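Trainee: Protein chains in written order, with our numbering: chain A, 1 to 132; chain B, 133 to 264; chain C, 265 to 508; chain D, 509 to 752. Backbone N, C-alpha and C fix where the C-beta goes; we use that ideal spot for every residue, glycine too. Bear in mind the structure is a predicted one, so any value in this text is a computation, not a measurement. Dropping the structure in here first, questions after.
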Amino acid sequence: MHEWALADAILTAAAQIAEKEQLREVTQVTIRMGELQDVEPKILKFALNEIKSNLFKNAKFRFLKVKTELKCRVCGTSWQLKKESLDVTTVEAIHFVPEAAHTFIKCPKCISPDFEIASGRGIWLDNIQGVK
Amino acid sequence: MHEWALADAILTAAAQIAEKEQLREVTQVTIRMGELQDVEPKILKFALNEIKSNLFKNAKFRFLKVKTELKCRVCGTSWQLKKESLDVTTVEAIHFVPEAAHTFIKCPKCISPDFEIASGRGIWLDNIQGVK
Amino acid sequence: MIDPRVNVIDKRLVNVKRIIAVSSGKGGVGKSLVATTLALTLKNEGYKVGLFDLDFTSPSTHIILNAQVTVLQEDKGILPPLVKEIKYMSLVYFVGENPAPLRGADVSNALIELLAVTQWGNLDFLIIDMPPGIGDIILDVLRLINRTEFLIVTTSSLLAFETVKKQVALLCELKARIIGIVENMKQTANNPKNSIEICSRKLGLRFLGEVLFDPTVETAIGDEAKLLITSVGQTLKHIVEKNL
Amino acid sequence: MIDPRVNVIDKRLVNVKRIIAVSSGKGGVGKSLVATTLALTLKNEGYKVGLFDLDFTSPSTHIILNAQVTVLQEDKGILPPLVKEIKYMSLVYFVGENPAPLRGADVSNALIELLAVTQWGNLDFLIIDMPPGIGDIILDVLRLINRTEFLIVTTSSLLAFETVKKQVALLCELKARIIGIVENMKQTANNPKNSIEICSRKLGLRFLGEVLFDPTVETAIGDEAKLLITSVGQTLKHIVEKNL
Ligand SMILES: Nc1ncnc2c1ncn2[C@@H]1O[C@H](COP(=O)(O)OP(=O)(O)O)[C@@H](O)[C@H]1O
Ligand SMILES: Nc1ncnc2c1ncn2[C@@H]1O[C@H](COP(=O)(O)OP(=O)(O)O)[C@@H](O)[C@H]1O
Ligand SMILES: [Mg+2]
Ligand SMILES: [Mg+2]
Ligand SMILES: [Mg+2]
Ligand SMILES: [Mg+2]
Ligand code: NI
Ligand code: NI
Ligand SMILES: [Zn+2]
Ligand SMILES: [Zn+2]
């Protein structure tokens with residue numbers, strides 16, 4: 001379960017923010033999940049709950065889904081990726097390293113791999129809430 | 133006068149937009165000028181007026197100055213560049229190719245050249261106005 | 265907000281007849297030596313030639329050409345200095361021999377700036393010396409100067425050719441024009457004769473010729489006359505006459 | 509919004525005793541061959557070793573190691589597959605032999621992702637194979653793994669050494685740790701003996717040794733035993749025993 005490593009990153013970053021903001025307890029952690037990386041919220045939540053420290057014992061984990069928007073740098077086309085069009089191995093590669101998209105996905109109009117992942121790449125820590 | 137080439141770029145881009153928006157005449161062109169590149173508005177204006185086509189004959193050229201904000205990727209320090217601190221050759225190099233800044237300017241806190249030019253790099257076409 | 269520089273690039277290159285990028289994917293195969301010698305050879309055949317070093321963070325062509333630091337002349341843009349009667353442009357004119365630590369976005373920005381402000385004038389050939397890798401520069405060359413023709417350089421080594429194959433696959437998929445492949449630094453001893461030639465043909469590419477490893481190359485760096493009589497100079501003369 | 513991946517990198521590397529980046533600035537000087545052979549040599553001396561190929565768009569170490577495609581195992585992250593008893597990681601596990609056209613920002617993103625999710629475990633040495641140039645990867649290595657020690661590779665050629673000098677200047681200014689310089693592919697004939705050695709000393713750097721150009725290297729690619737008896741294997745054994 002490689003989601004464990006991402007959960008660990010989220011909690012490490014959240015704990016560092018909590019310390020800086022002198023929070024005694026974190027009550028909510030909001031996480032943005034880009035569709036491209038295709039992380040299962042359930043698996044991530046499971047990992048978060050398994051490894052969380054006392055600081056997060058009553059924390060609610062909120063997940064915001066972010067649609068994948070790709071934009072071709074050559075012809076300007078913007079498009080939303082439909083992951084159903086990809087085979088299992090490709091989905092898995094992009095799950096581990098979203099930049100693999102540049103190997104397997106092409107602009108639908110001009111077939112260039114030179115597109116920007118304008119949104120929806122991976123995991124972001126949106127914000128945390130807590131009590132001082 | 134290398135500003136001529138930049139003026140030419142601005143007018144070429146502005147004319148393309150005018151055509152797309154089916155403007156008969158352009159009345160105003162607003163240009164953002166990043167401080168880092170240190171382009172003289174007077175020189176640019178002179179060049180714009182010298183080479184402009186009929187489409188721009190009554191156009192007003194407006195210049196917005198944009199302060200240079202640099203942000204270190206290593207230590208997070210943000211700072212505003214004071215060009216008085218640079219020697220003539222450096223200013224000239226950056227005037228031609230603003231990325232030369234990474235050779236000559238360092239983060240004031242950690243001396244890294246790995247900073248982002250968050251704003252104020254060079255010339256941007258902000259918007260054009262005209263009549264259909 | 266619009267970046268106006270991109271819109272003027274075609275206009276700057278309108279009087280340049282052909283644009284040839286010497287490329288590889290692999291580093292150290294001799295791209296810079298081939299690009300520079302190609303420019304010199306074409307110039308000596310009577311063509312008007314420009315040379316543009318796009319390996320911004322590891323430039324070499326100024327050393328091979330023995331180009332001197334000079335104050336850049338301006339006339340409606342930057343005029344590329346004449347070096348050995350070649351119109352020459354390199355980031356070295358701006359940063360000298362200091363390190364240029366540039367991320368991909370910076371490299372892309374510097375390329376667009378130089379394309380927008382350099383006045384090449386009339387040229388029969390603009391030769392581009394490419395950096396290794398498949399990054400911002402080759403993607404921008406494909407995006408911004410799509411009539412570029414690619415001259416691919418490899419060595420006989422599997423390590424070079426496997427990398428070159430990836431770049432060729434990308435160029436073929438994007439239907440970029442490839443002039444052909446040069447096999448450089450061939451050691452007559454180590455490889456079964458013609459294996460790169462055979463592999464090139466399998467990729468559907470013209471095999472332009474082989475350049476032997478020539479120990480006199482090192483002393484010819486910076487010296488036009490010597491360069492032209494090395495194995496590189498000789499093979500390129502042949503390629504220019506036969507294939508360009 | 510915060511990128512949480514960066515915060516966990518130190519934790520992922522906490523049980524790695526030393527991190528050595530084989531670097532140069534110049535392409536084709538033998539970085540990948542040196543990095544791979546260094547990893548194999550250390551492993552044979554009894555150390556726990558990892559090898560991380562950061563030349564994402566032109567990887568070579570998987571060919572030198574003869575690493576096979578494999579399904580990655582996961583345990584609290586990605587486990588680097590064991591290849592010749594070395595924990596090995598390369599973008600090739602994700603993109604195979606297809607081209608990976610990545611801009612600098614993509615390369616940086618992929619590096620951060622792999623640093624955040626790869627579980628190296630206990631290692632005595634993590635060897636990093638660096639790409640050429642002074643771009644996103646070296647800037648990120650300096651930024652994200654600042655205890656990295658650099659082992660610099662050059663050839664005897666002026667073209668290589670002038671480029672290497674720029675990278676060294678940057679590393680010195682940033683007070684990065686440099687182990688020393690290796691002169692690779694030395695042709696006994698062409699250069700005045702020891703010139704790179706003298707120049708290295710002038711830069712204040714340790715000269716670690718020279719590696720002769722060895723025509724058997726090409727047939728040793730993919731073959732551990734053969735690799736270790738090439739000139740590269742022999743000199744690295746010496747360097748490992750004397751300098752690491
Ligand atoms: N045919 C050749 N014979 C001998 N040395 C060569 C030959 N071609 C290139 N070299 C040397 O190989 C090294 C790499 O060449 P260079 O042009 O810098 O490659 P690249 O631009 O692909 O990195 C340089 O030291 C150069 O002098
Ligand atoms: N000591 C050596 N003798 C002979 N060939 C070598 C030697 N070192 C490297 N090579 C060859 O030189 C080429 C470049 O080596 P590589 O490790 O790929 O360089 P880099 O990683 O710096 O681009 C490869 O074909 C490699 O097999
Ligand atoms: Mg991209
Ligand atoms: Mg930068
Ligand atoms: Mg080169
Ligand atoms: Mg390599
Ligand atoms: Ni997973
Ligand atoms: Ni000027
Ligand atoms: Zn497109
Ligand atoms: Zn800093």
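#1: In the structure shown, what three-state DSSP assignment does Ile409 of chain C receive?
#2: Output the boundary residues of the alpha helix (DSSP H) element that contains Gln576 of chain D.
#3: For the candidate residues C:Ala440, C:Lys295 and C:Arg269, whose alpha-carbon lies nearest to that of Leu403 of chain C?
#4: For Leu187 of chain B, which residues from the same chain have a beta carbon less than 7 Å from its beta carbon, with the 5 sequence-adjacent residues on both sides left out?
#5: Using 8 Å as the threshold, is the C-beta distance between Lys290 of chain C and Gly536 of chain D below it?
#6: Which stretch, first to last residue, makes up the beta strand (DSSP E) that contains Thr159 of chain B?
#7: With a floor of 4 residues, list each alpha helix (DSSP H) that falls wholly inside the region 315-383 of chain C, ordered by position along the chain.
#8: Determine, for Ile729 of chain D, whether the minimum Cβ-Cβ distance to residues of chain C falls below 8 Å.
#9: Smallest Cα separation from Asp274 of chain C: which of C:Ala299, C:Thr301, C:Lys307 and C:Asn410?
#10: Using only the heavy atoms of ligand 9, determine whether one of them is closer than 7 Å to the beta carbon of Lys439 of chain C.
#11: Taking C-beta pairs closer than 7 Å, name the residues in chain C that Val74 of chain A reaches, listed in chain order.
#12: Looking at Asp644 of chain D: is its Cβ nearer than 8 Å to the Cβ of Gly612 of chain D?
#13: Can you list the residues of chain F that Phe602 of chain D reaches, using a CB-CB cut of under 7 Å?
#14: Could you check whether Leu304 of chain C and Val496 of chain C sit closer than 8 Å to each other, using their CB atoms as the reference points?
#15: Which residues in chain D sit within 8 Å of Gln451 of chain C, going by Cβ to Cβ distance?
#16: Just checking: is the beta-carbon of Glu681 of chain D within a distance shorter than 8 Å of some beta-carbon in chain B?
#17: Please work out which residues of its chain come closer than 6 Å, Cβ to Cβ, to Glu461 of chain C, disregarding the five sequence neighbours upstream and downstream, and give them in chain order.
#18: Take the Cβ of Thr221 of chain B as the centre, count every other Cβ of all protein chains shown within 10 Å, and call the residue buried at 16 or more, exposed below.
#19: Using the beta carbon as the reference atom, which residues fall closer than 5 Å to any heavy atom of ligand 9, ordered along the chain?
#20: By the 10 Å Cβ neighbour count, where 16 or more other Cβ atoms means buried, how is Val131 of chain A classified, buried or exposed?
#21: In whole angstroms, what is the alpha-carbon distance linking Leu422 of chain C and Ile729 of chain D?
#22: Cβ of Leu454 of chain D less than 8 Å from any chain B Cβ?
#23: Any heavy atom of ligand 1 closer than 7 Å to the beta-carbon of Leu138 of chain B?
#24: Could you tell me how far apart the beta carbons of Thr12 of chain A and Val516 of chain D are, in whole angstroms, since I believe they sit closer than 8 Å?
#25: Can we count Glu3 of chain A as close to ligand 7, meaning its CB is less than 7 Å from some heavy atom?
#26: What does the Cβ neighbour count give for Gln37 of chain A, buried or exposed, with the cut at 16 atoms within 10 Å?
#27: What do you get for Glu231 of chain B, buried or exposed, if any count of 16 or more other CB atoms within 10 angstroms of its CB means buried?
#28: Along the alpha helix (DSSP H) that carries Glu182 of chain B, what are the first and last residues, could you check?
#29: If you count every other CB in all the chains shown that lies within 10 Å of the CB of Asn364 of chain C, and 16 or more means buried, which is it?
#30: Give the DSSP bridge partners of Val313 of chain C, in chain order.
#31: Ligand 1 and Ile642 of chain D: does any heavy atom of the ligand fall closer than 7 Å to the residue's C-beta?
#32: Give every residue of the same chain whose Cβ lies closer than 6 Å to the Cβ of Asp258 of chain B, excluding the five residues on either side of it in the sequence, and list them in chain order.
#33: Check whether the region 232-243 of chain B and the region 380-389 of chain C are in contact - that is, three or more C-beta pairs closer than 8 Å.
Mentor: Reading from the atomic positions:
#1: Stepping through the third sequence from its first residue, residue 409 of chain C is reached at position 145. Reduced to three states, the DSSP call for Ile409 of chain C is coil.
#2: The residue you call residue 576 of chain D lines up with position 68 of the fourth sequence. That residue, Gln576 of chain D, is in no alpha helix (DSSP H); it is neither H nor E in DSSP.
#3: Here residue 403 of chain C is taken as the residue at index 139 of the third sequence, counted from 1. Comparing Cα positions, the closest option is C:Ala440.
#4: For the purposes of this step, residue 187 of chain B is taken as the residue at position 55 of the second sequence. Only Ala147, Ala150, Glu157 and Val158 meet the Cβ criterion.
#5: Position 26 of the third sequence, counting from 1, holds the residue named residue 290 of chain C. Position 28 of the fourth sequence, counting from 1, holds the residue named residue 536 of chain D. It is a contact, given that the beta carbons lie within the stated cut-off.
#6: Taking the first residue of the second sequence as 1, we reach residue 159 of chain B at position 27. Glu157 to Gly166 is the span of the beta strand (DSSP E), which, as asked, contains Thr159 of chain B.
#7: 325-329, 356-359 and 368-381
#8: For the purposes of this step, residue 729 of chain D is taken as the residue at position 221 of the fourth sequence. With 8 Å as the cut-off, Ile729 of chain D counts as an interface residue toward chain C.
#9: Here residue 274 of chain C is taken as the residue at index 10 of the third sequence, counted from 1. The shortest Cα separation from Asp274 of chain C among C:Ala299, C:Thr301, C:Lys307 and C:Asn410 belongs to C:Asn410.
#10: Walking along the third sequence from the start, residue 439 of chain C turns up at place 175. Incorrect: Lys439 of chain C has no Cβ contact closer than 7 Å to ligand 9.
#11: In the first sequence, residue 74 of chain A corresponds to position 74, counting from 1. Those are Arg407, listed as they occur along chain C.
#12: Here residue 644 of chain D refers to the residue found at position 136 of the fourth sequence. Here residue 612 of chain D refers to the residue found at position 104 of the fourth sequence. Closer than 8 Å, so yes.
#13: In the structure shown, chain F does not exist; the protein chains are A, B, C and D.
#14: Counting from one through the third sequence, the residue named residue 496 of chain C turns up at place 232. Counting from one through the third sequence, the residue named residue 304 of chain C turns up at place 40. For Val496 of chain C and Leu304 of chain C, no; Cβs fall outside 8 Å.
#15: Start at 1 with the first residue of the third sequence, and residue 451 of chain C comes out as number 187. Residues of chain D passing the Cβ test: Pro723.
#16: In the fourth sequence, residue 681 of chain D corresponds to position 173, counting from 1. So, interface residue.
#17: Reading the third sequence from its first residue, position 197 is the one you call residue 461 of chain C. These residues qualify, in order along the chain: Phe471.
#18: Position 89 of the second sequence, counted from the first residue, corresponds to residue 221 of chain B. Classification for Thr221 of chain B: exposed.
#19: A:Cys72, A:Val74, A:Cys75, A:Thr77, A:Cys107, A:Lys109, A:Cys110 and A:Ser112
#20: For the purposes of this step, residue 131 of chain A is identified with residue 131 of the first sequence, where counting begins at 1. So Val131 of chain A counts as exposed.
#21: For the purposes of this step, residue 422 of chain C is taken as residue 158 along the third sequence, with counting starting at 1. For the purposes of this step, residue 729 of chain D is taken as residue 221 along the fourth sequence, with counting starting at 1. One C-alpha to the other measures close to 8 Å.
#22: There is no way to answer for residue 454 of chain D, as the model of chain D reaches only from 509 to 752.
#23: In the second sequence, residue 138 of chain B corresponds to position 6, counting from 1. Every heavy atom of ligand 1 is 7 Å or more from the Cβ of Leu138 of chain B, so no.
#24: Counted from its first residue, the first sequence places residue 12 of chain A at position 12. Counted from its first residue, the fourth sequence places residue 516 of chain D at position 8. So it is a contact: roughly 5 Å between Cβ atoms.
#25: Stepping through the first sequence from its first residue, residue 3 of chain A is reached at position 3. Glu3 of chain A Cβ: within cutoff of ligand 7.
#26: The residue you call residue 37 of chain A lines up with position 37 of the first sequence. Buried, by the Cβ-count rule.
#27: Walking along the second sequence from the start, residue 231 of chain B turns up at place 99. Its Cβ being crowded by 16 or more others within 10 Å, Glu231 of chain B is buried.
#28: The count along the second sequence starts at 1 and reaches residue 182 of chain B at position 50. Its alpha helix (DSSP H) spans residues Pro173 to Ile183.
#29: Translated into positions along the third sequence, residue 364 of chain C becomes position 100. A small correction: the amino acid at residue 364 of chain C is Ala; Asn does not occupy that position in the sequence shown. Answer is buried; the Cβ neighbour count reaches 16.
#30: Here the question's residue 313 of chain C lines up with position 49 in the third sequence. Bridge partners of Val313 of chain C: C:Phe389.
#31: For the purposes of this step, residue 642 of chain D is identified with residue 134 of the fourth sequence, where counting begins at 1. Not under cutoff, so the answer is no.
#32: Within the second sequence, the letter at position 126 stands for residue 258 of chain B. Excluding sequence neighbours, Asp258 of chain B sits near Thr162 and Arg164.
#33: no
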